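Take 41 as the starting number for the sequence shown in this note's numbering and just add one per residue. One structure is given below, encoded as structure tokens.
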Amino acid sequence: MADSPVSHHPAGSSAETGNSEASNEQRAQMEQAYQQMQRKMRIGKMDEQIKHKIMVLSGKGGGLGKTTVATGLALSLAREGKKGRIDGY
Numbered sequence: 041m042a043d044s045p046v047s048h049h050p051a052g053s054s055a056e057t058g059n060s061e062a063s064n065e066q067r068a069q070m071e072q073a074y075q076q077m078q079r080k081m082r083i084g085k086m087d088e089q090i091k092h093k094i095m096v097l098s099g100k101g102g103g104l105g106k107t108t109v110a111t112g113l114a115l116s117l118a119r120e121g122k123k124g125r126i127d128g129y
């Protein structure tokens, strides 16, 4: 937590600003949210570098929604002007 903006403030310092001191649980939740935000930002930067993506839908038997998901994905990509390929077995 050293490089995190989430830190422990000494007793009395928060009274000047009118804020109550965060409990250990609240600090842990804030730290977790901060780390999750950092991960999402790193993933977003990596996503910009990826040119091709492959998605595999599989399952044994019918009625699992594979065709529904593939059709919805194809429609969404088409609305964004993107191209894709669907190969059914």
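Note that the Cβ used here is the ideal one computed from N, Cα and C, for glycine as well. In this text, all values refer to a predicted model and were calculated from it rather than measured experimentally.
When the options are compared against residue i, the one with the closest alpha-carbon
{"i": "G128", "options": "V109, K85, N64", "result": "V109"}
{"i": "L97", "options": "K85, M86, G112, K91", "result": "G112"}
{"i": "K123", "options": "T107, E65, G103, I94", "result": "I94"}
Three-state secondary structure assigned by DSSP to residue i
{"i": "V96", "result": "coil"}
{"i": "G112", "result": "helix"}
{"i": "G101", "result": "coil"}
Residue range of the unbroken alpha helix (DSSP H) whose run includes residue i
{"i": "E120", "result": "Note, E120: premise wrong, no alpha helix (DSSP H); not H, not E."}
{"i": "K80", "result": "64-89"}
heavy atom of the ligand HEM below 6 angstroms from residue i C-beta
{"i": "G101", "result": "Only the bare structure without any ligand can be found here, which leaves the ligand HEM out of the picture."}
Closer than 7 angstroms to chain D by CB, residue i
{"i": "M77", "result": "Structure shown: chain D not included; a single protein chain is present."}
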